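A quick write-up on the structure given underneath.
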Amino acid sequence: MQFDQLLQYAVSGLSTGAIYALIGIGFSIIYNATGIINFAQGEFVMLGGLFTLTFLDLLKLPVWAAVPCAVAASTLAGLVFERLAIRPLRQPTPINLVIITIGGSILIRGLAMLFWGKDTHSIPSFSGDDPIAIGGATILPQHLWILGITMVIVAANRFYFYHTISGKAMRACSYNPRAAGLVGIDVRRMVLFSFVISSAMGAVAGIIVAPLTMTAYDVGIMLGLKGFCAAIIGGMSSGIATVVGGLILGVLESLGAGLVSSGYKDAIAFIILLLLLFLRPQGLFGKRESERV
Amino acid sequence: MQRERIKFLIFAVLVFSAPLLFNGGYLMNVFVFVGIHTMLAIALNLLLGYAGQISLGHAGFFGLGAYASGILTATFGWNPWLAMPVSALAVAALAYLIGFPILKLKGHYLAMATLGMGIIIYIVFNETIDYTGGPSGLSGIPNMSLGGVSFDSDIKNYYLIWTCTLLTVLLSLNLADSRIGRALRAVHDSEVAARVMGVNARLLKVQIFALSAVICSLAGSLYAHTMTFLAPSSFGFNFSVELLTMVVIGGLGSIYGSFLGAALLTLLPEFLRAAHDYDIVIYGGLLMVMTIFMPGGLVRGIPALVRALTSGKRGGGNA
Numbered sequence: 374m375q376f377d378q379l380l381q382y383a384v385s386g387l388s389t390g391a392i393y394a395l396i397g398i399g400f401s402i403i404y405n406a407t408g409i410i411n412f413a414q415g416e417f418v419m420l421g422g423l424f425t426l427t428f429l430d431l432l433k434l435p436v437w438a439a440v441p442c443a444v445a446a447s448t449l450a451g452l453v454f455e456r457l458a459i460r461p462l463r464q465p466t467p468i469n470l471v472i473i474t475i476g477g478s479i480l481i482r483g484l485a486m487l488f489w490g491k492d493t494h495s496i497p498s499f500s501g502d503d504p505i506a507i508g509g510a511t512i513l514p515q516h517l518w519i520l521g522i523t524m525v526i527v528a529a530n531r532f533y534f535y536h537t538i539s540g541k542a543m544r545a546c547s548y549n550p551r552a553a554g555l556v557g558i559d560v561r562r563m564v565l566f567s568f569v570i571s572s573a574m575g576a577v578a579g580i581i582v583a584p585l586t587m588t589a590y591d592v593g594i595m596l597g598l599k600g601f602c603a604a605i606i607g608g609m610s611s612g613i614a615t616v617v618g619g620l621i622l623g624v625l626e627s628l629g630a631g632l633v634s635s636g637y638k639d640a641i642a643f644i645i646l647l648l649l650l651f652l653r654p655q656g657l658f659g660k661r662e663s664e665r666v
Numbered sequence: 213m214q215r216e217r218i219k220f221l222i223f224a225v226l227v228f229s230a231p232l233l234f235n236g237g238y239l240m241n242v243f244v245f246v247g248i249h250t251m252l253a254i255a256l257n258l259l260l261g262y263a264g265q266i267s268l269g270h271a272g273f274f275g276l277g278a279y280a281s282g283i284l285t286a287t288f289g290w291n292p293w294l295a296m297p298v299s300a301l302a303v304a305a306l307a308y309l310i311g312f313p314i315l316k317l318k319g320h321y322l323a324m325a326t327l328g329m330g331i332i333i334y335i336v337f338n339e340t341i342d343y344t345g346g347p348s349g350l351s352g353i354p355n356m357s358l359g360g361v362s363f364d365s366d367i368k369n370y371y372l373i374w375t376c377t378l379l380t381v382l383l384s385l386n387l388a389d390s391r392i393g394r395a396l397r398a399v400h401d402s403e404v405a406a407r408v409m410g411v412n413a414r415l416l417k418v419q420i421f422a423l424s425a426v427i428c429s430l431a432g433s434l435y436a437h438t439m440t441f442l443a444p445s446s447f448g449f450n451f452s453v454e455l456l457t458m459v460v461i462g463g464l465g466s467i468y469g470s471f472l473g474a475a476l477l478t479l480l481p482e483f484l485r486a487a488h489d490y491d492i493v494i495y496g497g498l499l500m501v502m503t504i505f506m507p508g509g510l511v512r513g514i515p516a517l518v519r520a521l522t523s524g525k526r527g528g529g530n531a
């Protein structure tokens with residue numbers, strides 16, 4: 374086994390990991406604000422990619438305009454989802470919430486299938502496909518886009534939660550919704566906000582990964598589950614712990630696919646997920662160290 | 213108790229006389245699947261409706277039973293009647309082993325963990341090509357036979373499978389009405405309270421999980437010998453969601469509700485040919501609409517609706 378090859382696996386693992394991190398943070402934000410694990414999270418990732426395709430191909434928009442439009446469209450879908458599925462629920466028991474978010478998830482997937490068809494679609498890279506050599510490994514410009522955009526979003530996320538009134542209000546809701554309500558925070562609005570933010574983040578993840586992996590109506594489920602796995606490694610934190618979780622998962626998966634067997638690549642994430650849930654449900658870094666937003 | 217017995221007897225008579233009306237038609241073939249799906253829906257309902265523990269990986273247990281029976285009979289030449297209980301025992305052991313750690317989890321986490329389990333099983337079906345044939349499938353599975361009679365036609369399979377389904381119904385009704393059933397409902401309502409009352413909640417949850425898995429495995433074996441061909445795509449996440457939809461539509465905690473849900477979801481695509489491409493849209497929509505508007509399922513929702521309508525017509529609302 375050569376070092377170059379390992380480096381190559383690590384680099385591609387890191388960029389996939391960044392995607393998992395973004396999706397995982399989306400899970401954490403909703404979980405922390407509402408206690409809900411949103412099984413439809415992956416569908417917004419799928420919507421991001423496919424909406425970009427529509428804006429690029431059908432409306433002939435340039436990339437810099439198509440991407441924000443696609444994020445806006447997916448976010449709107451997230452908002453509608455919260456309004457139509459989560460809010461009307463009269464008995465919000467965990468099982469009902471699981472059932473309804475799964476229902477929403479396959480409904481969105483089914484509608485996407487009717488709208489975009491069952492084919493796999495490709496999206497052009499943001500800035501060409503000329504590989505860049507780093508040491509013995511080569512990376513694509515899109516990898517840099519992924520890592521850069523992830524860093525910007527994680528930083529923006531942190532700024533939002535710690536330095537804006539709205540972000541602080543959302544943190545208050547996650548600690549104690551009733552107390553938050555008593556000091557004048559509109560808890561229901563914060564719940565809606567959390568869905569808006571996480572569907573936007575999911576959409577961004579789906580858009581930046583689409584040029585590398587292609588996209589289709591059914592990519593949401595796997596990406597969503599792996600994002601959840603990242604969030605579990607990070608102890609459902611919406612900060613850096615989940616980012617680290619995503620990166621660990623991405624690299625392990627890439628190494629596993631390269632060194633062991635590519636057929637079992639998808640199983641790696643789930644075995645990690647089960648082991649963590651069994652042994653360390655509080656996340657790899659323990660409850661104390663991870664920040665719960 | 214007497215009423216329950218009469219209800220079951222009527223149900224059994226209806227089931228056994230249905231072929232007199234529909235024999236020969238392709239509907240018999242659909243009814244065979246209604247039977248298998250009813251077993252699966254009841255299995256999931258025992259776990260979800262009675263014990264309140266969700267599983268999104270039950271298609272995996274169904275697949276394990278099917279593949280174990282299929283491989284033992286087609287590749288190793290076992291007798292199906294031996295392969296079926298051996299497969300079921302193996303699945304029981306596996307479910308028992310997984311059950312202890314997995315059922316420590318609650319709610320959303322349990323859902324995710326069982327989902328992960330189901331997907332791992334599905335990946336194994338696809339990758340162990342030497343045994344399962346991988347994505348191209350496993351063929352050459354023999355039909356079951358009993359005393360020289362081979363179950364090779366829809367009508368024979370109908371009686372074979374519905375006998376097993378009725379036994380499952382009977383077992384589940386008895387279980388629900390027993391000390392175990394009451395203990396399960398106690399765990400459902402409050403695990404802590406159940407513990408305080410002396411229910412070994414943890415063991416009980418694992419046992420019901422294993423029982424549920426065994427029923428799925430038996431249904432899987434029957435499926436394998438009826439179809440004589442297996443492919444992994446029948447045992448993926450979508451099928452787990454389909455099972456969940458059956459249980460939710462029929463009504464959590466209702467055995468006949470599971471039959472109703474299974475029958476509806478199996479017959480629906482047959483009557484609405486056009487619905488074939490829309491099936492996941494329909495399942496998704498049904499799950500959402502039922503959870504929001506009829507959380508008790510059809511078996512409770514329809515009578516409540518009828519009551520509301522009739523009392524509304526009287527203008528009194530004094531019902």
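Protein chains in written order, with our numbering: chain Z, 374 to 666; chain H, 213 to 531. Virtual Cβ for every residue (Gly too), placed ideally from N, Cα, C. Given the structure is predicted, the values throughout are model-derived calculations rather than measurements.
In chain H, which residues lie with their C-beta within 7 Å of the C-beta of residue i?
i, result
"Z/Gln464", "Pro507"
"Z/Asn354", "For residue 354 of chain Z there is no data in the structure shown, the boundaries of chain Z being 374 and 666."
"Z/Ala640", "Ile332, Ile335"
For residue i, return the contacting residues in chain Z, with the cut-off set at a CB-CB distance below 9 Å.
i, result
"H/Val493", "Ile479, Leu480, Arg482, Gly483, Leu484, Met486, Leu487"
"H/Leu499", "Ile472, Ile473, Ile475, Gly476, Gly477, Ile479, Leu480"
"H/Gly496", "Ile475, Gly476, Gly477, Ser478, Ile479, Leu480, Ile481, Arg482, Gly483, Leu484"
Within the continuous alpha helix (DSSP H) that includes residue i, where are the two ends?
i, result
"Z/Ile468", "467 to 489"
"Z/Ile505", "Counting along the chain, Z/Ile505 falls outside any alpha helix (DSSP H), though it belongs to the beta strand (DSSP E) covering 505 to 507."
"Z/Thr547", "Correcting the residue identity first, residue 547 of chain Z is Ser in this sequence and not Thr. Its alpha helix (DSSP H) spans residues 538 to 548."
"H/Pro292", "292 to 314"
"Z/Ser388", "376 to 407"
"H/Asn241", "239 to 257"
"H/Ala286", "First-last for H/Ala286: undefined, no H or E at that position."
"H/Met439", "413 to 439"
"H/Asn386", "366 to 388"
"H/Gly496", "491 to 505"
"H/Gly462", "449 to 462"
"H/Pro231", "214 to 234"
"H/Arg191", "Not covered by the structure: residue 191 of chain H. The range shown for chain H is 213 to 531."
"H/His575", "Residue 575 of chain H is absent from the structure shown; chain H starts at 213 and stops at 531."
Since residue i and residue j should fall inside the 8 Å C-beta cutoff, what is the C-beta to C-beta distance between them, to a whole number of angstroms?
i, j, result
"H/Ala253", "H/Gly463", "At roughly 11 Å, the Cβ-Cβ gap does not stay under 8 Å, so H/Ala253 and H/Gly463 are not in contact."
"Z/Gln414", "Z/Gly597", "5 Å"
"H/Leu379", "Z/Gly476", "About 32 Å; that fails the 8 Å criterion."
"H/Ala413", "H/Glu403", "5 Å"
"H/Asp366", "H/Met240", "4 Å"
"H/Met458", "H/Leu434", "Actually they are not in contact, since the Cβ atoms of H/Met458 and H/Leu434 sit about 17 Å apart, beyond 8 Å."
May I ask which residues mark the beginning and end of the beta strand (DSSP E) holding residue i?
i, result
"Z/Ala510", "510 to 512"
"Z/Ile558", "Note, Z/Ile558: premise wrong, no beta strand (DSSP E); not H, not E."
Under 8 Å between beta-carbons, which chain A residues line up against residue i? List them in chain order, please.
i, result
"H/Tyr490", "The structure shown contains no chain A; the protein chains it does contain are Z and H."
Pull up the distance between the alpha-carbon of residue i and that of residue j, whole angstroms please.
i, j, result
"H/Thr344", "H/Ile333", "12 Å"
"H/Cys428", "Z/Ser498", "46 Å"
"H/Tyr490", "Z/His494", "21 Å"
"Z/Ile505", "H/Leu327", "39 Å"
"Z/Gln515", "H/Lys368", "59 Å"
"H/Gly360", "H/Ala305", "32 Å"
"Z/Gly390", "H/Met324", "20 Å"
"H/Arg215", "H/Tyr370", "27 Å"
"H/Val537", "Z/Ala545", "Look at the range of chain H in this structure, 213 to 531, and you will see that residue 537 of chain H is not part of it."
"Z/Leu647", "Z/Glu626", "15 Å"
"Z/Leu487", "Z/Leu470", "26 Å"
"H/Asp342", "Z/Leu632", "21 Å"
"H/Ala230", "H/Gly311", "38 Å"
"Z/Ala458", "Z/Tyr590", "21 Å"
Residue i versus chain Z: which residues are under 7 Å apart at the beta carbon?
i, result
"H/Leu420", "Going by the sequence as given, residue 420 of chain H is Ile instead of Leu. Result: empty, since nearest Cβ-Cβ is about 15 Å, beyond 7 Å."
Using a C-beta to C-beta distance shorter than 9 Å, which residues of chain H count as neighbours of residue i?
i, result
"Z/Pro461", "Ile504, Phe505"
"Z/Ala458", "Met500, Thr503, Ile504"
"Z/Ile410", "Gly319, His320, Tyr321, Ala323, Met324"
Below 8 Å on C-beta distance, what does residue i contact in chain H?
i, result
"Z/Tyr637", "Ile335, Glu339"
If the cut is a Cβ gap below 8 Å, which residues of chain Z does residue i touch?
i, result
"H/Leu327", "Leu598"
"H/Gly264", "Ile468"
Select from the region 579 to 613 of chain Z all residues with a C-beta closer than 9 Å to any C-beta belonging to chain H, and list them in chain order.
-> Near chain H, meaning a CB-to-CB distance below 9 Å, the residues of the region 579 to 613 of chain Z are Ile594, Met595, Leu598, Phe601, Cys602, Ile605.
What residues from the region 549 to 569 of chain Z come within 8 Å of chain H, judged by C-beta to C-beta, listed N to C?
-> Residues of the region 549 to 569 of chain Z with a C-beta atom less than 8 Å from some C-beta of chain H do not occur.
Using Cβ-Cβ distances below 7 Å, what residues of the region 642 to 654 of chain Z are close to chain H?
-> The residues in question are Phe643, Ile644, Leu646, Leu647, Leu650, Phe651, Pro654.
Residues in the region 300 to 321 of chain H with C-beta within 8 Å of chain Z's C-beta atoms, listed in sequence order?
-> Pro313, Ile314, Lys316, Leu317, Lys318, Gly319, His320, Tyr321
Under 9 Å (Cβ pairs) to chain Z, residues found in the region 447 to 466 of chain H = Phe449, Asn450, Val453, Leu456, Thr457, Val460, Leu464
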